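Report on the structure given below.
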Amino acid sequence: MTTQQAKPALQTGQMSAVAIDDNFNDLHPAFSTLQAMAESNRCLYCYDAPCVTACPTSIDIPSFIRKISTQNPDGAAKTILSANIMGGTCARACPTEVLCEQACVRNVAEDEAVEIGSLQRYAVDHLMARNLPHPFKRAAVTGKKIAVVGAGPAGLSCAHRAAMLGHDVTVFEAKAKPGGLNEYGLAAYKMTNDFAQREVEFLLGIGGIEIEYGKVLGRDVTLGALRDQFDAVFVGVGLGATNNLGLPGEEAGGVDDAIGFIENLRQSVDKSAMPVGKSVVVIGGGNTAIDAAVQAKRLGAEDVTLVYRRGPQNMSATEFEQELAKINGVIVRYWAKPVAIKANGRLMGMVFEKTALDASGKLVGTGETFEIKTDQVLKAIGQKIKTDDLAGMEITGGKIVVDDKYQTTAAGIFAGGDCIKSGEDLTVQSVEDGKCAAIAIDAFLKTA
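Mapping of the sequence shown onto our numbering: position 186 corresponds to residue 219, and the numbering continues sequentially without gaps.
Here is the structure:
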């Protein structure tokens with residue numbers, strides 16, 4: 034897979050706007066037609082293909098690749114989108130290396146999987162670029178109304194499938210733009226050229242979906258009121274709150290949430306104007322931590338250190354993402370936890386304690402500490418659900434409890450995406466949740 038490399042980072046403020054723009058080009062440049070044809074012909078079109086099983090949305094991968102190889106990319110795109118309406122984003126941001134591509138039988142024969150993600154992007158982009166009528170038609174209008182809370186991947190997927198089934202959908206979104214983490218939470222080099230918004234515009238082409246912006250759950254809308262006004266409600270609020278370190282001085286200037294850093298960067302018109310520290314410390318071991326660290330380096334931070342409390346095998350970030358950080362010059366330090374913030378009016382440094390596993394396998398501090406001088410700390414230590422506005426729902430382990438039909442313990446209210454526990458906290462899983470929940474809501478409405 035071809036990966037866009039960053040230009041060497043210079044001291045803060047010394048990297049030109051042109052160099053920064055280059056650093057935020059597509060991480061994986063799109064396939065040309067010639068490349069797509071060559072790669073599609075590597076597929077063995079397996080019967081009962083393991084790549085399909087590995088895909089949370091169960092895209093018929095051999096079928097769409099066969100259509101590319103026979104010069105039918107639009108047909109390939111329709112196959113993809115029938116299972117995953119946000120197949121364009123998933124082709125760009127999905128960790129295919131641990132899902133469909135890891136399962137590819139070519140790994141055994143040649144040690145190199147078919148580049149399924151790149152082929153998926155080629156097909157979907159080809160269809161979207163042609164501005165054709167929406168590839169799916171709505172069923173006869175049912176007269177039923179569904180409220181969707183959150184215009185992220187789960188909410189939008191639910192809205193699209195519900196609209197296909199003939200229902201009228203109103204989406205209530207807290208922010209000024211739709212897309213959720215696709216718009217606000219993914220690294221800028223993964224979602225270039227305003228793709229998140231173009232995908233939403235494409236998705237809305239089905240008709241029957243209205244989005245109301247600036248509608249915050251608990252402030253502007255309540256679940257009780259929505260349940261009274263609509264025939265069913267779907268909650269796709271994601272994980273809107275961030276975890277804290279719980280250390281004195283955490284409110285010091287320069288100590289920020291990585292999610293907020295990424296969001297500000299994604300919404301920045303001029304990335305060269307985005308403030309970044311000279312010496313940046315990122316705390317965490319997931320993809321958000323990697324995204325924040327790599328982007329800080331690509332903005333021109335001189336030193337970026339990612340600190341994780343366990344070893345590399347324990348990181349939720351994929352092996353590819355971990356390697357991406359290293360080739361971009363990010364220093365990764367394992368087996369250390371933050372224990373103090375040093376600040377005197379301004380951030381000066383972080384103190385970490387080395388960690389280890391005791392005889393029982395429990396993570397413990399060793400008593401040995403070290404300090405990293407820093408003028409910016411980015412926290413990527415996980416997110417949690419905001420529970421204040423979810424009265425009437427059972428929440429266990431920080432997730433909304435749903436049954437096998439995505440219905441919560443509150444009658445008529447369904448949920449999906451990162452706010453429930455259904456699989457990996459990935460865009461592709463959220464899309465699957467939204468799609469399946471819409472089908473379950475349709476069945477619920479037919480028996481109501």
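All C-beta atoms, glycine included, are put in the ideal place defined by N, C-alpha and C. Quantities reported herein were computed from a predicted structural model and do not represent experimental measurements.
Taking 8 Å as the upper bound for CB-CB distance, R260 and G467 are not in contact here, some 19 Å apart. Comparing alpha carbon positions, the residue from D289, H159, I316 and I179 closest to A473 is I179.
As summarised for the region 307–352, the continuous alpha helix (DSSP H) elements at least 4 residues long and confined to that stretch are 320–332, given in chain order. For the options Y367, S73, V434 and A52, the alpha carbon positioned closest to that of A109 is the one of S73. The criterion of a C-beta distance shorter than 8 Å is satisfied by I374 and G282. Taken through DSSP and simplified to helix, strand or coil, A424 comes out as coil. V266 carries a strand assignment under DSSP once its states are collapsed to helix, strand and coil.
With contacts defined by Cβ atoms closer than 8 Å, V384 and I316 do not form a contacting pair. The Cβ-Cβ distance between K412 and D290 falls below 8 Å. In this structure the region 385–401 does not lie against the region 242–249, because fewer than three pairs of beta carbons, one per stretch, are closer than 8 Å. DSSP places M383 in the strand class (E or B) of the three-state scheme. Shown here, V435 sits in coil according to DSSP, grouped into three states, outside any helix or strand.
Boundaries of the alpha helix (DSSP H) around V51: A50 to N56.
In this structure, the beta-carbon distance from T112 to S96 falls below 8 Å.
Annotation for G382: K375, E404, I405, K406 and T407 place their beta carbon closer than 7 Å to its own, counting only its chain and skipping 5 residues before and after. Residue pairing by DSSP puts L250 in a beta bridge opposite V254. R231 and N297 have their C-alpha atoms roughly 20 Å apart. If you check the CB distance, C127 and T460 come in under 8 Å.
For I405, the enclosing beta strand (DSSP E) has its first and last residue at L396 to K406.
Each residue's CA atom was taken as its position, placing V337 and A329 some 7 Å apart. Judged by pairs of C-beta atoms under 8 Å, the region 189–198 does not touch the region 135–144, as fewer than three such pairs exist.
When secondary structure is reduced to three states using DSSP, D290 falls in the strand class.
When C-alpha distances from V372 are compared across G279, P186, E216 and L67, the shortest belongs to G279. The secondary-structure analysis by DSSP pairs V182 across a beta bridge with F205 and V268. At the C-beta level, D475 and S463 stay beyond 8 Å of one another. Linking G398 to T255 through their CA atoms gives a straight-line distance of about 44 Å. In the assembly as shown, R125 is a buried residue. Its beta-carbon has 16 or more other beta-carbons within 10 Å. For R366, the enclosing beta strand (DSSP E) starts and ends at I364 to R366. Sequence-distant Cβ neighbours of L272 in its own chain, meaning closer than 7 Å and more than five residues away, are Q416, K417, I418, D451 and C452. Ranked by Cα distance from L390, the first of L380, G344, I428 and G257 is G344. For R75 and L332, the gap between their C-alpha atoms comes out near 38 Å. Per the Cβ contact rule, the region 200–217 is not in contact with the region 144–163 (fewer than 3 Cβ pairs under 8 Å).
Comparing alpha carbon positions, the residue from A265, L132 and N105 closest to C84 is L132. Residues of the same chain with their beta carbon placed closer than 7 Å to that of S65 are lacking, with the five preceding and five following residues left out of the count. In this chain, the alpha helix (DSSP H) harbouring V464 covers T460 to T480. Per DSSP, the beta bridge partners of P371 are F385.
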